[in-house]
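Data first, discussion second: the structure below is written as structure tokens.
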Amino acid sequence: RSKEQGGRRVEVFAAHMHADVVRRLELAADLQRALLDRQFAVEFQPIVDLATSRVTAVEALVRWWRGSAFVPPHEFLGPAEDTGLIVPLSEWILRESCREVAAWRASSWDIGLSVNLSARQITAPRFVETVAEALAESGLPPSALTLEVIEEMLVEDAEETITRLSELRNLGVRLAIDDFGTGYASLAFLRQLPVDMIKIDPSFVSGLGRDETLSLLTRTIVRLGHDLGLIVVAEGIERPEQLELLREMGCTRGQGYLVARPMAARGVDTLMRTSLQSTA
Ligand code: C2E
Ligand code: MG
Ligand code: MG
Ligand code: MG
Numbered sequence: 617r618s619k620e621q622g623g624r625r626v627e628v629f630a631a632h633m634h635a636d637v638v639r640r641l642e643l644a645a646d647l648q649r650a651l652l653d654r655q656f657a658v659e660f661q662p663i664v665d666l667a668t669s670r671v672t673a674v675e676a677l678v679r680w681w682r683g684s685a686f687v688p689p690h691e692f693l694g695p696a697e698d699t700g701l702i703v704p705l706s707e708w709i710l711r712e713s714c715r716e717v718a719a720w721r722a723s724s725w726d727i728g729l730s731v732n733l734s735a736r737q738i739t740a741p742r743f744v745e746t747v748a749e750a751l752a753e754s755g756l757p758p759s760a761l762t763l764e765v766i767e768e769m770l771v772e773d774a775e776e777t778i779t780r781l782s783e784l785r786n787l788g789v790r791l792a793i794d795d796f797g798t799g800y801a802s803l804a805f806l807r808q809l810p811v812d813m814i815k816i817d818p819s820f821v822s823g824l825g826r827d828e829t830l831s832l833l834t835r836t837i838v839r840l841g842h843d844l845g846l847i848v849v850a851e852g853i854e855r856p857e858q859l860e861l862l863r864e865m866g867c868t869r870g871q872g873y874l875v876a877r878p879m880a881a882r883g884v885d886t887l888m889r890t891s892l893q894s895t896a
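Residue numbers (the UniProt record's numbering): 617 to 896.
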């Protein structure tokens, strides 16, 4: 009897697996087409200086409209990484976002750009050259570009990854550790990479004012960052109370729905006009 049940369980499992495999294959094929059909877009989320409330940078975030359905990045970035499509996709995101931000800077708006890197992109041939080309083509100065990496990227090909990132740093590009505090290697990462910025993960920021341990940890990360001479960005700010506490802690910058949602380039155009007017 137990054998029979076990057999049925295997069948149910196999059916699930089959559906999952089919879905993944379809997704992979659709991704390929999506790149050719220009179904991807870049949105920009403003990052503000907490002391002055000025927008100092925008983070580029990829968007995929698969027909009329929005597919969140966490659903397609894994498959894009597995199929290698992440490499041409990332190159497109980089060029596109450098071009937009260079245009805003040409309107005498002093803002920077943050772009997320993927593990496979960093170890792809000509990665450093591609970044240099995107900068040269757009006219964006290297110091205006920050590349965001997460600790998981050091799990494989750590040596090569560190070498490539150091080469970029030598070009004058800035490096940030994204989702800081969530990986086991946070502090080791800081030691191995010439990092300029840490971005505190929303899982800490979410507890500000509500959870004593998370508040204490956030305060500790801010202090650690400052002691190391780094820019500290808090991510996922949704409530006014969080903003107040981060200001009081002396956190450098903030990002989150309360400050501004990710928006299309057109939205940033509007933001720029208001921002330039208010400083004129
Ligand atoms: P991330 O780099 O940590 O980006 C921040 C994510 O948090 C974005 O999600 C953003 O929309 C979301 N977010 C911002 N403020 C808030 C807030 O106040 N509350 C909440 N709940 N969420 C907030 P998104 O766009 O879905 O991206 C998820 C992740 O996918 C990113 O996390 C990044 O790891 C990856 N990703 C996004 N775009 C790209 C890209 O162009 N290239 C690569 N390689 N990865 C990307
Ligand atoms: Mg990021
Ligand atoms: Mg993050
Ligand atoms: Mg993330």
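Each residue gets a CB set at the ideal place from its N, CA and C atoms; glycine is no exception. These numbers come from a predicted model, not from an experiment.
Environment of residue i [buried if 16+ CB atoms lie within 10 Å]
i: Arg889; result: exposed
i: Asp817; result: buried
i: Glu893; result: The displayed chain sequence assigns Gln, not Glu, to residue 893. Under this definition Gln893 is an exposed residue.
i: Ser618; result: Caution applies to Ser618, whose pLDDT of 49 falls short of 50 and renders its modelled position unreliable; the value that the coordinates give is listed next. Exposed.
i: Ser706; result: buried
i: Val789; result: buried
i: Ser684; result: exposed
Residue i to residue j span [Cα, whole Å]
i: Glu712; j: Val658; result: 8 Å
i: Arg670; j: Val731; result: 20 Å
i: Val848; j: Leu861; result: 14 Å
i: Thr876; j: Ala719; result: The amino acid at residue 876 is misidentified as Thr; the sequence shows Ala. Approximately 21 Å between the Cα atoms of the pair.
i: Ser754; j: Val747; result: 11 Å
i: Glu828; j: Arg715; result: 43 Å
i: Ala760; j: Thr886; result: 21 Å
i: Ala880; j: Phe743; result: 26 Å
i: Leu677; j: Glu691; result: 14 Å
i: Pro758; j: Leu844; result: 22 Å
i: Asn786; j: Ala722; result: 25 Å
i: Phe805; j: Val884; result: 33 Å
i: Thr668; j: Gly866; result: 12 Å
Reference residue i; option with closest CA among the options
i: Ile709; options: Ile727, Leu809, Arg640, Arg654; result: Arg654
i: Glu767; options: Gln737, Ser802, Pro741; result: Ser802
i: Ile837; options: Ser684, His634, Thr868, Ser782; result: Thr868
i: Arg780; options: Ala676, Leu729, Gly866, Gln737; result: Gln737
i: Ser822; options: Glu857, Met813, Ile814; result: Glu857
i: Phe660; options: Ile702, Val717, Val687; result: Val717
i: Phe796; options: Arg639, Glu783, Met813; result: Met813
Identity of the residues DSSP links to residue i by a beta bridge
i: Phe796; result: Ile816
i: Trp720; result: The partner list for Trp720 (beta bridge, DSSP) is empty, contrary to what the question assumes.
i: Ala673; result: Ile663, Gly728
i: Ile847; result: Met813
i: Ala685; result: Arg682
i: Leu693; result: According to DSSP, which records beta bridges pairwise, Leu693 is partnered with nothing at all.
Which of helix, strand or coil DSSP assigns to residue i
i: Val744; result: helix
i: Glu707; result: helix
i: Met879; result: strand
i: Ser618; result: For Ser618, the predicted structure reports a pLDDT of 49, less than 50, and the residue's modelled location is therefore unreliable. A value from the coordinates is still provided. In this structure, Ser618 counts as helix in the three-state DSSP scheme.
i: Gln871; result: strand
i: Phe762; result: The residue asked about is misnamed: residue 762 is Thr in this sequence, not Phe. The answer is strand: DSSP assigns Thr762 an E or B state.
i: Val838; result: helix
i: Val821; result: helix
i: Leu784; result: helix
Chain B within 8 Å of residue i, Cβ atoms only
i: Leu710; result: In the structure shown, chain B cannot be found, because there is only a single protein chain.
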